[in-house]
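Number of protein chains: 2
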Amino acid sequence: MRVTRDEVFRLHAQICKALADPNRLLLIVQLRHRARTVGELSDAIGASQPLTSRHLGVLREKGIVKAERDGSFVRYSLADRRVLTAIDLLLDVLAGQLERQGARGSAVRRLRPAFRSA
Amino acid sequence: MRVTRDEVFRLHAQICKALADPNRLLLIVQLRHRARTVGELSDAIGASQPLTSRHLGVLREKGIVKAERDGSFVRYSLADRRVLTAIDLLLDVLAGQLERQGARGSAVRRLRPAFRSA
DNA sequence: TACTGATATACGGATATACGCATATCTAAA
DNA sequence: TTTAGATATGCGTATATCCGTATATCAGTA
Chain S
13 MRVTRDEVFR
23 LHAQICKALA
33 DPNRLLLIVQ
43 LRHRARTVGE
53 LSDAIGASQP
63 LTSRHLGVLR
73 EKGIVKAERD
83 GSFVRYSLAD
93 RRVLTAIDLL
103 LDVLAGQLER
113 QGARGSAVRR
123 LRPAFRSA
Chain Z
13 MRVTRDEVFR
23 LHAQICKALA
33 DPNRLLLIVQ
43 LRHRARTVGE
53 LSDAIGASQP
63 LTSRHLGVLR
73 EKGIVKAERD
83 GSFVRYSLAD
93 RRVLTAIDLL
103 LDVLAGQLER
113 QGARGSAVRR
123 LRPAFRSA
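Protein chains in written order, with my numbering: chain S, 13 to 130; chain Z, 13 to 130.
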């Protein structure tokens, strides 16, 4: 299959777009250490089951997570950990911006890389 | 200023959203090696001047690029090179996906990291 | 001040996205 | 085959995004 330059940029943007939603970022972060079922994820991010399923579908379609059936459950996991590295980098960028603005709060302190990788 | 956990994820997603457009990715890539004026960028990505300016505005608002006046020109440059690292990582992810699908074309070959960093 | 080139913004239409709610599909077990 | 739990999908609505076109703002110069 032939892929043009424009098509590459379009697909690249599609991947970024898949990350460009708070709920989906939450989902990805939940998968940092282990695979999880839809129900677990739904609980973890505090969203309804249908909404969770749909966001997972978006991530799956873009090849960011993969799904594996386990009985009546579906277990989701990260398909490529480099995505995690990328969003961590962007989080670092955000942390820098917030710090420069003098932002406070525990959520901000937890952003610091040293904190997060622990 | 107090920042909650939800707010952090919202801002994190905002940064991702700023990257989630082919034209804006094109712009960022154009700034990899040097600063450029709006006119230069507009030519480089083949978009109209107003559209280019607006996309640059989005990137500037999210702290991804910074603008510097130079006479009647405005010179844009990257505000944080980690963003470049992040999108390169995501491009690698895409390259892997395309390769697995047996994609061809020079645009795809140029995706390979070894190629790109040269 | 008037004029020109560079950049930014306003407006409107077309398309895409996120969400809630209802419902369909799938799997295991009775 | 029926039932129940887990997951996915359909539909309608509100909102956001992208773009073209026109116009406004700004800096430099005559």
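Quick reminder that beta carbons are idealized off the backbone N, C-alpha and C, glycines included. Since the structure is predicted, the reported quantities are computational estimates derived from the model, not experimental observations.
Taking Cβ to Cβ, would you say residue i is nearer than 8 Å to residue j?
i, j, result
"residue 90 of chain S", "residue 70 of chain S", "no"
"residue 120 of chain Z", "residue 86 of chain S", "no"
"residue 110 of chain S", "residue 88 of chain S", "no"
Leaving out five residues before and five after residue i in sequence, what residues of the same chain have Cβ atoms less than 7 Å from its Cβ?
i, result
"residue 130 of chain S", "Here the model assigns residue 130 of chain S a pLDDT of 46, short of 50, so the residue's position is not dependable, and the following value carries that caveat. Cβ neighbours of residue 130 of chain S beyond the five flanking positions: none."
"residue 104 of chain Z", "125"
If you draw a straight line from the alpha carbon of residue i to that of residue j, how long is it in whole angstroms?
i, j, result
"residue 24 of chain Z", "residue 106 of chain S", "7 Å"
"residue 64 of chain Z", "residue 42 of chain Z", "12 Å"
"residue 72 of chain S", "residue 16 of chain S", "23 Å"
"residue 80 of chain S", "residue 29 of chain Z", "28 Å"
"residue 26 of chain S", "residue 22 of chain Z", "19 Å"
"residue 18 of chain S", "residue 59 of chain Z", "13 Å"
"residue 13 of chain Z", "residue 74 of chain Z", "18 Å"
"residue 108 of chain S", "residue 94 of chain S", "21 Å"
"residue 123 of chain Z", "residue 82 of chain S", "36 Å"
"residue 92 of chain Z", "residue 55 of chain S", "35 Å"
Please go through the same chain and pick out, in chain order, the residues whose beta-carbon is closer than 8 Å to the beta-carbon of residue i, but skip the five residues on each side of it.
i, result
"residue 50 of chain Z", "61, 64, 65, 68, 85, 86 and 88"
"residue 57 of chain Z", "35, 38, 39, 42 and 64"
Closer than 7 Å: is that where the CB of residue i sits relative to any heavy atom of the ligand SAM?
i, result
"residue 119 of chain Z", "Among the components modelled here there is no ligand, and therefore nothing to report on the ligand SAM."
Counting pairs of beta carbons, one from the region 36–50 of chain S and one from the region 43–62 of chain Z, are three or more of them closer than 8 Å? no
Just to confirm the assignment: which complete alpha helix (DSSP H) runs, minimum length 4, are found wholly within the region 13–46 of chain S? 17–31 and 34–42
Next on the checklist: Using a Cβ distance threshold of 8 Å, determine whether the region 97–104 of chain S contacts the region 87–106 of chain Z, with at least three qualifying pairs required.
Outcome noted: yes
ask   = Between the region 113–120 of chain Z and the region 27–36 of chain Z, do three or more beta carbon pairs fall short of 8 Å?
value = no
* 4-residue-minimum alpha helix (DSSP H) runs that sit fully inside the region 98–125 of chain S, ordered along the chain -> 118–121
At which residue ranges does the region 50–96 of chain Z contain complete alpha helix (DSSP H) runs of 4 or more residues, listed in the order of the chain? 50–57 and 61–73
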